[in-house]
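Colleague: Once you know that position 54 of the sequence shown is 195 in the numbering used here, the rest is easy, because the numbers rise by one and skip nothing. Here it is, the structure in full.
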Amino acid sequence: MAPTELHERAAEQLARQGQRYTSARRGLVEVLLDATHPLTIPEIGRCDTALAQSSTYRNLVVMERAGVVQKVLAADEWYRYELAEELTSRHHHHLICAGCGVVQDVEVPAALESRLDRQLSEVASAAGFTLDHHRLDLVGRCTSCA
Numbered sequence: 142m143a144p145t146e147l148h149e150r151a152a153e154q155l156a157r158q159g160q161r162y163t164s165a166r167r168g169l170v171e172v173l174l175d176a177t178h179p180l181t182i183p184e185i186g187r188c189d190t191a192l193a194q195s196s197t198y199r200n201l202v203v204m205e206r207a208g209v210v211q212k213v214l215a216a217d218e219w220y221r222y223e224l225a226e227e228l229t230s231r232h233h234h235h236l237i238c239a240g241c242g243v244v245q246d247v248e249v250p251a252a253l254e255s256r257l258d259r260q261l262s263e264v265a266s267a268a269g270f271t272l273d274h275h276r277l278d279l280v281g282r283c284t285s286c287a
């Protein structure tokens with residue numbers, strides 16, 4: 142998706158929640174758009190020093206409610222943030238290190254993704270649940286912590 146279209150979709154999603162797409166929120170989207178993995182708030186601040194940590198946190202909460210960003214829970218004390226899949230149309234999963242907390246994005250082959258969708262839908266259906274989508278976090282140890 143082109144950055145212009147992504148910004149338009151972010152603005153629309155925020156507007157649906159009665160929120161404005163401010164320059165600070167646009168800056169957050171830019172940082173997350175350029176990131177190769179989900180970022181902590183301190184990492185976001187290092188990418189754009191104009192973003193104050195306290196307002197970054199408040200803006201991320203608003204943007205998460207609006208479906209612009211999603212929070213990734215890692216094994217350390219920090220949440221990490223990334224653009225929501227619904228916004229980017231890029232489905233992926235995460236490798237999370239239980240030692241240092243690093244989070245990496247990972248995409249699985251289409252055939253495996255299709256099998257996962259089918260089998261997870263069956264599990265959900267057996268429980269009387271209608272599945273919209275799934276997120277998969279693989280927890281282990283990175284090469285540095287292994």
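All C-beta atoms in this analysis are idealised placements derived from N, C-alpha and C, irrespective of residue type, glycine included. A quick note: this is a predicted structure, and the numbers were derived from the prediction, not measured.
1. What's the gap between the Cα of LEU253 and the Cα of ALA191?
2. So HIS235 and ASP273 are supposed to be a Cβ contact under 8 Å. How far apart are they, rounded?
3. Look at the alpha carbon of ALA306 and the alpha carbon of VAL243, and state the distance between them as a whole number of angstroms.
4. Which of helix, strand or coil does DSSP assign to GLU184?
5. Buried or exposed: which applies to ARG166, given that a residue is buried once 16 or more other Cβ atoms fall within 10 Å of its Cβ?
6. Taking contact to mean 3 or more Cβ pairs, one atom from each stretch, closer than 8 Å, check whether the stretch 199-216 and the stretch 167-187 are in contact.
Modeller: According to the structure data:
1. As a position in the sequence shown, residue 253 is number 112, starting the count at 1. As a position in the sequence shown, residue 191 is number 50, starting the count at 1. Rounded to the nearest angstrom, the two C-alpha atoms are 42 Å apart.
2. Numbered from its first residue, the sequence shown carries residue 235 at position 94. Numbered from its first residue, the sequence shown carries residue 273 at position 132. At roughly 19 Å, the Cβ-Cβ gap does not stay under 8 Å, so HIS235 and ASP273 are not in contact.
3. Lying before the first or after the last residue shown, residue 306 is absent from the chain, which here runs from 142 to 287.
4. Here residue 184 corresponds to residue number 43 of the sequence shown, with the count starting at 1. Under the three-state reduction of DSSP output, GLU184 falls in the helix class.
5. On the sequence shown, position 25 is the one that residue 166 refers to. With at least 16 other beta carbons inside 10 angstroms of its own, ARG166 counts as buried.
6. In this structure the stretch 199-216 lies against the stretch 167-187, because at least three pairs of beta carbons, one per stretch, are closer than 8 Å.
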